[in-house]
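A.B. asks: Numbering (the numbering used here), first residue to last: 2 to 197. Virtual Cβ for every residue (Gly too), placed ideally from N, Cα, C.
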């Protein structure tokens, strides 16, 4: 099964193409799929958790029908976990595919439930947890290096979710602080001495 083709077909069914990344239209009916397998167009009063769950179930069932989805309401976000034997493949290279799925899920949630105020966090096969652990260890190593040298260290550009992990890891550090600089895809993090 070619997951890229299936994902492209599904995104095309949602009205999303590379040429039209910023515009998402409600999904049209697809004749060869059962009606309950596709996300229905919602109303702004629809439960965001149900919208997200319906979207992710429809997406994953088209990619691999052995995957399962669970969605939980957190304080400021909806958190989804996709599990199954091949779930880790949804992370893609360096989590890029997972990040793209989160962006699409957020867009669907905003359009179908009228909730652009909720963050969407999706994990597959524990990828986000492992990534957060790796970033936290990196932050700790760099904090020691910056504290010893007294010189700031600039990291490569990274997504907001990854920068946030490092900011949180260093928030209470007595010797260093972190700040984000730059804009858009070039936004990066700098770890600098807190004093001096």
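Would the beta-carbon of residue 72 fall within 8 Å of that of residue 47?
C.D. replies: no
A.B. asks: Where do the ends of the beta strand (DSSP E) carrying residue 116 lie?
C.D. replies: Looking at the DSSP string, residue 116 is not in any beta strand (DSSP E), and its letter there is neither H nor E.
A.B. asks: Residue range of the alpha helix (DSSP H) that residue 162 falls in?
C.D. replies: 161-171
A.B. asks: Which residue marks the beginning of the beta strand (DSSP E) containing residue 181, and which one marks its end?
C.D. replies: 177-182
A.B. asks: Buried or exposed: which applies to residue 192, given that a residue is buried once 16 or more other Cβ atoms fall within 10 Å of its Cβ?
C.D. replies: With 16 or more other Cβ atoms within 10 Å, it is buried.
A.B. asks: Helix, strand or coil: how does DSSP classify residue 188 here?
C.D. replies: coil
A.B. asks: How big is the Cα-Cα spacing for residue 158 and residue 146?
C.D. replies: 20 Å
A.B. asks: List the endpoints of the continuous alpha helix (DSSP H) containing residue 148.
C.D. replies: 128-150
A.B. asks: Can you list, in chain order, the residues of its chain whose CB lies under 7 Å from that of residue 86, leaving out five sequence neighbours each side?
C.D. replies: 67
A.B. asks: In whole angstroms, what separates the C-alpha of residue 194 from that of residue 100?
C.D. replies: Distance between the alpha carbons of residue 194 and residue 100: 31 Å.
A.B. asks: Quick one: what does DSSP say residue 195 is sitting in, helix, strand or coil?
C.D. replies: coil
A.B. asks: Taking only three categories from DSSP, how would you classify residue 95?
C.D. replies: For residue 95, the three-state secondary structure derived from DSSP is helix.
A.B. asks: Could you check which residue in 188, 152 and 70 has the C-alpha nearest to that of residue 165?
C.D. replies: 188
A.B. asks: Between the alpha carbons of residue 116 and residue 56, how many angstroms are there, rounded?
C.D. replies: 15 Å
A.B. asks: Quick one: what's residue 122 bridged to in DSSP?
C.D. replies: Residue 122 is bridged by DSSP to 80.
A.B. asks: Taking residue 63 as the reference, give the member of 77, 76, 154 and 91 with the closest Cα.
C.D. replies: 91
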